[in-house]
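Trainee:
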Amino acid sequence: MPQTLASRVSGPVYTPNDAGYAPECAGFNVLVTHTPQYVVAVKSTQDVAEALRFAREHQLPVSVQATGHGTDLPITSGVLISTKALNQVSIDTATRTATIGAGARWEPVVEEAAKHGLAPIAGSSTNVGVVGYLLGGGLGPLVRSHGVSSDYVVGYTLVTSDGETVEASAQHHPDLFWALRGGKGGFGIVTEVKLKLVELRSLYAGGLFFAEEHIEAVLRGWVKWTAEADARVSTSIAVMRFPPFDFIPPPLRGRTVLNLRFAFPGSTEEGAKLAAPLRALAPLYLDMLGELPASQIARIHNDPDKPSPAWTNGMMLTHVDQDFATTVLRHVGTGVQTPFFMLEVRHLGGASWRDVDGGSAVGGRTGNFVVGLVGMHPPLFDTVLPGATEGLRAELKPWLSPDMTINFMGKIRSAEHFDSAWPDAIRAKLKEVRGKYDPHKLFAK
Numbered sequence: 001m002p003q004t005l006a007s008r009v010s011g012p013v014y015t016p017n018d019a020g021y022a023p024e025c026a027g028f029n030v031l032v033t034h035t036p037q038y039v040v041a042v043k044s045t046q047d048v049a050e051a052l053r054f055a056r057e058h059q060l061p062v063s064v065q066a067t068g069h070g071t072d073l074p075i076t077s078g079v080l081i082s083t084k085a086l087n088q089v090s091i092d093t094a095t096r097t098a099t100i101g102a103g104a105r106w107e108p109v110v111e112e113a114a115k116h117g118l119a120p121i122a123g124s125s126t127n128v129g130v131v132g133y134l135l136g137g138g139l140g141p142l143v144r145s146h147g148v149s150s151d152y153v154v155g156y157t158l159v160t161s162d163g164e165t166v167e168a169s170a171q172h173h174p175d176l177f178w179a180l181r182g183g184k185g186g187f188g189i190v191t192e193v194k195l196k197l198v199e200l201r202s203l204y205a206g207g208l209f210f211a212e213e214h215i216e217a218v219l220r221g222w223v224k225w226t227a228e229a230d231a232r233v234s235t236s237i238a239v240m241r242f243p244p245f246d247f248i249p250p251p252l253r254g255r256t257v258l259n260l261r262f263a264f265p266g267s268t269e270e271g272a273k274l275a276a277p278l279r280a281l282a283p284l285y286l287d288m289l290g291e292l293p294a295s296q297i298a299r300i301h302n303d304p305d306k307p308s309p310a311w312t313n314g315m316m317l318t319h320v321d322q323d324f325a326t327t328v329l330r331h332v333g334t335g336v337q338t339p340f341f342m343l344e345v346r347h348l349g350g351a352s353w354r355d356v357d358g359g360s361a362v363g364g365r366t367g368n369f370v371v372g373l374v375g376m377h378p379p380l381f382d383t384v385l386p387g388a389t390e391g392l393r394a395e396l397k398p399w400l401s402p403d404m405t406i407n408f409m410g411k412i413r414s415a416e417h418f419d420s421a422w423p424d425a426i427r428a429k430l431k432e433v434r435g436k437y438d439p440h441k442l443f444a445k
């Protein structure tokens, strides 16, 4: 069968004994190893269609991977379609639109757009794949000023389980277009996305770092500040415990700090005024906040860009207050031993509350804050970190939102857990759209 499949596609087909198999399967989380029966390194939309027809003919399940950032569970059977070679990026300055292949990361999109004074509403890491991020909605560093990233999508090219190519937009297949803006997976395989860009050359953005002894003062001050924060300003706080490893920059190596991230898409003068109350919360350890070219937006969060072991989880909040701060401090306050490498709280609201014309499948749009948890020490992944997370979740019950957003769900434990990322009405409509475009239930969600 490998020979039969290889004759139908222009890209290489790998089986477990082939030299290119492991590199093509590799994802960003080095602890996850995929072992599908076949890996198809597609080079075109037609390759995707042929691979899907082959999978249907032989009753094989299908999975898809681009950059491998969203993979927490190993793929152990069927056909893995790797779209990493579909990494083309082009900018239409007349329409301020980017056309982006399914294997492209945010970095080349940001760089190409910046040449024309434009910018995508990207995620916090420009190393992450564009399509996978957008399918989950996307709460980036400009979330309050510009909203959810998937709101800027104007069209998707998708191959269905029948091997048919569909152009989904507000005018064509609007039900599928609605689902693809936030509904994540299970509809088909996206090979290209068209994305609106915004005019943005620079912003006032970056991070303020405070030493461990000031965690409480800064957290409580930030919680109070968010109650009347300018809707154009997006912020988050992250308590981070850096290991004493050589690859960590010396100022942070082996230290615990609170990093307050700030992004204002406006002038340096106005941004400095808006940030002044936050700068005054406590003595600064590092001040990395200032005018920033839009091409360097990844410096706001400084997310890792090398494959590594990682464990993530999250929860959405209706509000925060000083009792919330007290609860969080019991887990990551000064001197507290915690298994988390990072506990982050992002301030939402503003433009993220406004849905697009025609609506979208984005979950958690009513949330005011989202918590992100990260672990980096593999011996803690199986029991310690899940246990600590559930303990924190129980204590945060008064602030938990009934809604969630799929990109912050962490490891998906079951179909029910996956579905819990959307409220009932959206979940029901997503099921209907999946049934329409994948009646064979070929795709793993």
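Our numbering numbers the first residue of the sequence shown as 1 and each following residue consecutively. Every residue gets a Cβ at the ideal spot worked out from N, C-alpha and C, and that includes glycine.
1) Considering only residues of the same chain and omitting the five flanking positions on each side of Pro-36, which have a CB-CB separation below 8 Å?
2) From Gly-140 to Val-148, what distance separates their C-alpha atoms?
3) Taking three-plus beta-carbon pairs below 8 Å as touching, is the region 102 to 114 in contact with the region 292 to 302?
4) So, helix, strand or coil for Pro-293, using DSSP?
5) Apart from the five residues just before and just after His-173, which ones in its own chain have a Cβ nearer than 8 Å to its Cβ?
6) Determine the DSSP secondary structure at Asn-368, reduced to helix, strand or coil.
7) Identify the continuous alpha helix (DSSP H) that holds Gln-337 and give its terminal residues.
8) Roughly how many angstroms lie between the CA atoms of Ile-237 and Asn-127, to the nearest whole one?
9) Which value, in whole angstroms, describes the spacing of the CA atoms of Gly-188 and Ala-428?
10) Which residues does DSSP pair with Asn-259 in a beta bridge?
11) Do Ser-161 and Leu-52 have their C-beta atoms closer together than 8 Å?
12) What residue from Val-362, Ser-401 and Leu-281 has the CA that sits closest to Ser-150's CA?
13) Which full runs of the alpha helix (DSSP H) of 4+ residues lie inside the region 7 to 62, going along the chain?
14) Between Ala-113, Gly-68, Asp-72 and Thr-95, which lies nearest to Gly-129 when the distance is taken from Cα to Cα?
15) In this structure, does DSSP put Asn-313 in helix, strand or coil?
16) For Phe-341, name the three-state secondary structure that DSSP assigns.
17) Measure the C-alpha to C-alpha separation of Lys-397 and Lys-436 and round it to an integer number of angstroms.
18) Assign Ser-267 to buried or exposed, taking buried as 16 or more other Cβ atoms, counted over all protein chains shown, within 10 Å of its Cβ.
19) Taking only the alpha-carbon atoms, compute the straight-line gap between Ala-231 and Leu-348 and give it to the nearest angstrom.
20) Would you tell me roughly how many angstroms separate the C-alpha atoms of Ala-351 and Arg-365, rounded to the nearest one?
21) Should the region 204 to 211 be regarded as contacting the region 275 to 292, the criterion being three or more beta carbon pairs within less than 8 Å?
22) Is the separation between the beta-carbon of Gly-367 and that of Met-316 shorter than 8 Å?
23) In the structure shown, what three-state DSSP assignment does Ile-100 receive?
24) Which one of Ala-55, Val-42 and Arg-96 has the shortest CA to CA distance from Leu-86?
25) What runs of the beta strand (DSSP E), each 3 residues or longer, lie entirely inside the region 95 to 141?
26) Taking the runs of the beta strand (DSSP E) that are 3 residues or longer, which of them lie wholly in the region 338 to 422?
27) As a quick exercise: from Thr-389, Glu-291 and Pro-309, pick the residue whose alpha carbon is nearest that of Pro-339.
28) Quick check on the burial criterion: 16 or more other C-beta atoms within 10 angstroms. Buried or exposed for Thr-95?
29) Would you call the region 241 to 254 in contact with the region 308 to 326, where contact means no fewer than 3 C-beta pairs closer than 8 Å?
30) Using a beta-carbon distance below 8 Å, is Ala-325 in contact with chain D?
31) Report the three-state DSSP secondary structure of Ala-66 (helix, strand or coil).
32) With a threshold of 16 other CB atoms inside 10 Å of the CB of Thr-191, please say whether the residue is buried or exposed.
33) Return yes when the Cβ of Val-131 is within less than 8 Å of the Cβ of Val-193, no when it is not.
34) Examine the ligand ADP and report whether any of its heavy atoms sits within less than 7 Å of the Cβ of Phe-408.
35) If you draw a straight line from the alpha carbon of Glu-291 to that of Pro-120, how long is it in whole angstroms?
Mentor: On the basis of the coordinates in this document:
1) Cys-25, Ser-63, Ile-75, Thr-76, Ser-77, Gly-78, Val-79 and Leu-80.
2) 7 Å
3) yes
4) strand
5) Val-166 and Glu-167
6) Three-state result, Asn-368: coil.
7) Here Gln-337 belongs to no alpha helix (DSSP H), and DSSP marks it neither H nor E.
8) 21 Å
9) 18 Å
10) Phe-209 and Ala-238.
11) yes
12) A check of alpha carbon separations from Ser-150 across Val-362, Ser-401 and Leu-281 identifies Val-362 as the nearest.
13) Counting only runs of at least 4 residues, the region 7 to 62 fully encloses the following alpha helix (DSSP H) elements, listed from N- to C-terminal order: 21 to 25 and 45 to 57.
14) Gly-68
15) strand
16) coil
17) C-alpha of Lys-397 to C-alpha of Lys-436: approximately 37 Å in a straight line.
18) exposed
19) 9 Å
20) Here the C-alpha atom of Ala-351 lies approximately 10 Å from the C-alpha atom of Arg-365.
21) yes
22) Going by C-beta atoms, Gly-367 is nearer than 8 Å to Met-316.
23) In this structure, Ile-100 counts as strand in the three-state DSSP scheme.
24) Val-42
25) 97 to 101
26) 342 to 347 and 369 to 375
27) Thr-389
28) exposed
29) no
30) You won't find chain D in this structure, because it holds only one protein chain.
31) Shown here, Ala-66 sits in coil according to DSSP, grouped into three states, outside any helix or strand.
32) buried
33) Using a Cβ distance threshold of 8 Å, Val-193 and Val-131 count as a contacting pair.
34) Absence of the ligand ADP from the depicted structure is noted, as is the absence of any ligand whatsoever, leaving it without description.
35) Using only the alpha carbons, I get a separation of about 18 Å.
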